[in-house]
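Okay, structure first, notes after.
Number of protein chains: 2
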Amino acid sequence: MVGSGVEVSINGSLTNGISAKHLTALDEESFDPTAVVAEPVPEVVESNGDGEKDKREIVLGRNVHTTCLEVTEPDADDESTGDKDAYMASVLSRYRKTLLERTKHHLGYPYNLDFDYGALGQLQHFSINNLGDPFIESNYGVHSRQFEVGVLDWFARLWEIEKSDYWGYITNCGTEGNLHGILVGREVFPDGILYASKESHYSVFKAARMYRMECIKIATLITGEIDCADFKTKLLPNKDKPAILNVNIGTTVKGAVDDLDLVIQTLEECGYSHDRFYIHCDGALFGLMMPFVKRAPKVTFKKPIGSVSVSGHKFVGCPMPCGVQLTRIQHINALSRNVEYLASRDATIMGSRNGHAPIFLWYTLNRKGYKGFQKEVQKCLINAHYLKDQLRGAGISAMLNELSSTVVFERPKDEEFVRRWQLACEGNMAHIIVMPNVTIEKLDYFLNELVKERSTWYSDEKIQPPCLAADIGRDNCSCALHT
Amino acid sequence: MVGSGVEVSINGSLTNGISAKHLTALDEESFDPTAVVAEPVPEVVESNGDGEKDKREIVLGRNVHTTCLEVTEPDADDESTGDKDAYMASVLSRYRKTLLERTKHHLGYPYNLDFDYGALGQLQHFSINNLGDPFIESNYGVHSRQFEVGVLDWFARLWEIEKSDYWGYITNCGTEGNLHGILVGREVFPDGILYASKESHYSVFKAARMYRMECIKIATLITGEIDCADFKTKLLPNKDKPAILNVNIGTTVKGAVDDLDLVIQTLEECGYSHDRFYIHCDGALFGLMMPFVKRAPKVTFKKPIGSVSVSGHKFVGCPMPCGVQLTRIQHINALSRNVEYLASRDATIMGSRNGHAPIFLWYTLNRKGYKGFQKEVQKCLINAHYLKDQLRGAGISAMLNELSSTVVFERPKDEEFVRRWQLACEGNMAHIIVMPNVTIEKLDYFLNELVKERSTWYSDEKIQPPCLAADIGRDNCSCALHT
């Protein structure tokens, strides 16, 4: 142990950092911490017999192992031959081609793939890390807090909260925003019950399990919105406990926007005063779109909400997932009052945080501005209407929520077609999310292909397109029964 | 509501996605979802009077607001004048200069700032997202799972577990690895108690609060290692409950490596069979270094451990934080058996995951190989010894754990000096983590500056350097009393 006075000669100098325990184990042979193992390349671990293996359940797919790019040990002469560099360059070049092709055929996920961050390439050489809190500078100097806070201020203005009244940070993704918002809610109301519509993002229910919270699922309308009648029924028997609510500003599958005002009204009607509930708004995609749409129910901190999160790689577009999380500073102050409580120097979920993401966001927000985003929102909604109209015109079941750019339609019968266009599916539904990079030309290209291929899927009259009445309503269904 | 048969003319086409509720609210005026708000630029929210403000506690620093880079709305003529582009280019150029300078003067954090990912610049144009599980392909095609699994396999070989026996993923940072490892432990033993030495990373205690787990802190030796005598004392009265352990492979402040074998032995001595405990190894920095050091206590899945995590931006080096998390597939299978249980399509913490990070790691692992890392580890340990010897030679208190490249020494008196060199400090201690990018030249530059400035800090005999005996042991202390 250090302090025991043991002194051993290491590399000709005296050192005191040796533990007596280790010395004994080494039979008083001098320990050289700089000595390395003789063979650094580990053996490949082999199976210990197949008997065990047969019994093993394979729950998670292992298919990626068959296509994965193995990391190989460099040969001794790689530097002179350049073989390794050539191999890697060829892998990357092929990969880039795949990315180009996959980016071109992409319609199903809410990612704006249209961005040009060429000007930021110069920053890739730096290890930028916004350790911990955005508002507390750490000693690590290679950070981008000045950009991060600029971005947060922009969102604070969008969601109508004073600079000195909010706290927030740039997260790694929408899920982290939800994990944070619900955690803040739980810390404000430790015995609160979490309520969320059943069409909420799966991270909301993951949070409930992680945080060991009681969670009650609420039914939804056919649009995908929370059913406030059902909410009321489930609130009333639990009036003795505070309510923590997840409100969806755009659900994952149908892009439905929960009616925030009706949710608040329901809480009030059930006798909940404003200090007995906490609302987290999951604005993953639409949190940035709604403010620009006339008459959309407004997400604003002027209403009694606790937090809002939005993804940065969705409507804004970013090379990697990221998000924005804003909450009221009083909630964070309450948590931070007792440092032991969060056992942390900060109130974020992650300790180390990607410092590049805020710069990407800052760059786009500066270039586009509120007005630029409004134009893009308008374009998306117009194109989404176009897509929905064309689908219905071609006799294909389809629905578009009024505040949404998510077009839900009949799931294509051919899985290869689904994969090719990277459509997200659930049951008989598929959806396309019309993002700023989705042009009318791209939609036409898709529609032509769909209509053509679909005619072959259903050329045999015995095979009929599925009925979607239960999913999207009779009026939106074009099946044989409902046309 | 959809399905109610309401049809309203929108943009000349028929639509059915209108909720009756909204129609009523709008007095039967037709709702145009593509109509935008007249003034998209939100008002700046003003304070509602100063009385409130005086009462507000400012717990978290707000200083970053004074230096932050505001996002500004583009002017109408920006495109023609190019003013905005010029402004942003100048901001970025200044920022790049700061990063260069800050990267040059960096010694306190365990980040390897020496990397060249120029060949990967071509990928920055893509929104690469490894949604969910690395082994389950989603329909989103712009991913990098083939690289991710290659990297995981490399670590599986390092930590001696068969490909078909492990599950893992590339995380956003070391904290996510700890959050995941401890969550898996809790799901394996829902009533388990979490044990962690008091010098464990703060994310471990954050996890305990998040997950509502009972957590017991264990004392440490002066080296920073877990004190297994104290561990035993605290285990014995809790023998009725399973144990979940966080074992540090390199503590944050002192770089101390907990003795994994002694920890397991202690558990066994206290009567814990292997199916009554779960060990998570937090290998943030040293998890990748230890395997290459002769006689270092081996981190391997051949021992009864449940998971290992390591950071990717630390020893490997990466532009943004990331990490690797590996666990046994049977634990993940147990979780996934009931999908409702995790309420998730995957067993990661985050849903969307940065697809660039695995490519950075894959690139470096391929270039360096196990042998390359061994060389770097050796260089770091030699340089760390050099630094420690030079400090002691100059009469400055300093300690270096035998398996570590973290040199703990007397905290410099001048905070400006601490900031300039980005040293992490705790109480009277500062530390330098000797990473591959820290050369002898850089250390000499630092040492010369320290020795010179220190002579001015203590030129007045009335002011004495602090005593560090309680922090790093009497033998390592060079204060007036212990020299």
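Chains A and B, in that order, give the protein sequences. Here the working numbering = 1-based position in the first sequence + 143. Here the working numbering = 1-based position in the second sequence + 143. Where a beta carbon is used, it is the ideal one built from N, C-alpha and C, also for glycine.
Name the DSSP beta bridge partners of residue i, please?
i	result
A/R438	Partner(s): none; A/R438 has no beta bridge.
B/M640	With chain B represented from 144 up to 626, any question about residue 640 of chain B goes unanswered, as that position is not in the structure.
B/Y309	B/R471
A/H574	A/V551 and A/A567
A/Y338	A/I359 and A/L388
A/V451	A/C424 and A/L469
A/I369	A/T363
A/N497	A/N272
A/V179	B/V436
From the DSSP output, in three-state form, read off residue i for me.
i	result
A/K360	strand
A/V187	coil
A/T318	helix
B/C465	coil
B/Y421	strand
B/G293	helix
B/C568	strand
A/H528	helix
B/R471	strand
B/I304	coil
B/I271	coil
A/N580	coil
B/V214	coil
B/V400	strand
B/Q265	helix
B/I606	coil
B/C622	coil
B/Y230	helix
A/A613	helix
A/I279	coil
B/H323	helix
A/P380	helix
B/C523	helix
A/K585	helix
B/I201	Low per-residue confidence applies at B/I201: pLDDT is 36, beneath 50, and the placement is therefore not dependable, though the value from the model is reported in the following sentence. Here B/I201 sits in coil by DSSP.
B/D257	coil
Tell me which residues share the same chain as residue i and place their Cβ nearer than 8 Å to its Cβ, disregarding the 5 neighbours each side in the sequence.
i	result
A/C622	S540, Q607, P608, P609, C610, L611 and A612
B/I502	L263, L266, I271, S287 and F290
A/V390	I369, D401, L403, V406, I422, H423, C424, D425 and I448
B/N571	E553, R554, P609, C610, L611 and D614
A/K198	Unreliable placement is indicated for A/K198, whose pLDDT of 41 sits below 50; the coordinate value is still reported in the next sentence. Contacts found: none.
B/I361	Y338, A339, S340, K341, I369, D370, D373, F374 and K377
For residue i, I'd like the list of residues in its chain whose CB is within less than 7 Å of its CB, leaving aside the five on either flank, ordered along the chain.
i	result
B/L169	The predicted model places B/L169 with a pLDDT of 37, which falls under 50 and marks its position as unreliable, so this point remains unresolved.
A/P579	N255, D257, E519, K522 and C523
A/C568	R554 and V561
B/H456	Y254, M463, P464 and C465
B/W505	F290, G293 and V294
So residue i and residue j are supposed to be a Cβ contact under 8 Å. How far apart are they, rounded?
i	j	result
B/A427	B/H499	With 8 Å as the limit, B/A427 and B/H499 do not qualify as a contact, their Cβ atoms being about 21 Å apart.
A/D489	A/I313	No, A/D489 and A/I313 are not in contact; Cβ-Cβ is about 13 Å, not under 8 Å.
B/E216	A/K514	7 Å
B/S495	A/C316	4 Å
Should residue i be counted as a contact of the ligand SAH given a C-beta to heavy atom distance under 7 Å?
i	result
B/A299	Of ligands this structure carries none, so the ligand SAH is not represented either.
Any beta-carbon of chain E closer than 8 Å to the one on residue i?
i	result
B/Y254	Among the protein chains in the structure shown, which are A and B, there is no chain E.
Among the residues of its own chain, which have a CB less than 6 Å from the CB of residue i, if the five just before and after it don't count?
i	result
B/L337	A351, M356, C358 and I387
B/D334	K384
A/D276	D489
Q: Report yes or no: do the region 579-592 of chain A and the region 463-477 of chain A share at least 3 C-beta pairs separated by less than 8 Å?
A: no
Q. Does the region 445-457 of chain A come within contact of the region 319-328 of chain A, defined as at least 3 CB pairs closer than 8 Å?
A. yes
(Q) Assess contact between the region 383-398 of chain B and the region 530-549 of chain B, defined as three or more Cβ pairs (one per stretch) separated by less than 8 Å. Is contact present? (A) yes
Q.
Taking contact to mean 3 or more Cβ pairs, one atom from each stretch, closer than 8 Å, check whether the region 434-445 of chain B and the region 325-339 of chain B are in contact.
A. no
Q. Given 8 Å as the limit, is there contact between the region 233-245 of chain B and the region 512-527 of chain A, that is, 3 or more CB pairs closer than that?
A. no
Q: Check whether the region 304-311 of chain B touches the region 296-309 of chain A, taking contact to mean three or more Cβ pairs, one atom from each stretch, closer than 8 Å.
A: no
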